[in-house]
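I have placed the structure first, in the form of structure tokens, so that the comments after it can refer back to it.
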């Protein structure tokens with residue numbers, strides 16, 4: 001192991017078919033308005049967690065919610081998990097604000113997300 005321990009799951013993205021309806025449900029659930037509100041992404045910050053709504057699964061084609069593990073070194077963690085049998089689904093890439101994101105699939109096809117804040 002490389003010692004690039006994850007900092008926990010702090011971000012969960014949900015694909016939604018109707019952004020306006022989903023935004024209302026999540027605002028009611030969380031008791032807050034979204035902090036990011038656009039036609040391609042709605043994000044809520046609640047109790048140290050980021051909950052994101054992605055219309056129609058976004059360009060990454062999400063079919064189910066994806067939990068993102070926050071890591072100090074995304075490339076090191078990608079190398080570690082692929083060496084253990086995971087497959088890169090979406091390579092590390094900039095998603096805004098200096099944040100890098102990537103996804104892998106585990107040996108059963110479950111999608112796992114990784115995020116590194118710079």
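In UniProt numbering, the protein residues as written are 1 to 118.
Quick reminder that beta carbons are idealized off the backbone N, C-alpha and C, glycines included.
Just the C-alpha distance for residue i and residue j, rounded to the nearest angstrom, thanks.
| i | j | result |
| --- | --- | --- |
| residue 94 | residue 57 | 18 Å |
| residue 5 | residue 24 | 35 Å |
| residue 68 | residue 50 | 10 Å |
| residue 66 | residue 100 | 15 Å |
| residue 84 | residue 102 | 16 Å |
| residue 53 | residue 80 | 29 Å |
| residue 118 | residue 13 | 20 Å |
| residue 72 | residue 39 | 30 Å |
Give the C-beta separation of residue i and residue j to the nearest angstrom, bearing in mind that I take them to be a contact with Cβ-Cβ under 8 Å.
| i | j | result |
| --- | --- | --- |
| residue 105 | residue 89 | 5 Å |
| residue 34 | residue 43 | 6 Å |
| residue 19 | residue 55 | 5 Å |
According to DSSP, is residue i part of a helix, a strand, or is it coil?
| i | result |
| --- | --- |
| residue 102 | strand |
| residue 27 | helix |
| residue 20 | helix |
Provide the residue span of the alpha helix (DSSP H) that contains residue i, from first to last.
| i | result |
| --- | --- |
| residue 11 | Note, residue 11: premise wrong, no alpha helix (DSSP H); beta strand (DSSP E) at 9 to 16. |
| residue 82 | 74 to 83 |
Taking 7 Å as the line, does the beta carbon of residue i fall inside it for any heavy atom of the ligand NAD?
| i | result |
| --- | --- |
| residue 71 | Of ligands this structure carries none, so the ligand NAD is not represented either. |
So if DSSP puts residue i in a beta bridge, which residue, or which two residues, is it bridged to?
| i | result |
| --- | --- |
| residue 52 | 13, 43 |
| residue 37 | 42 |
Grab the span of the beta strand (DSSP E) containing residue i for me, first residue to last.
| i | result |
| --- | --- |
| residue 115 | 111 to 117 |
| residue 95 | 87 to 96 |
| residue 63 | Segment: none, residue 63 is in no beta strand (DSSP E) and carries neither H nor E. |
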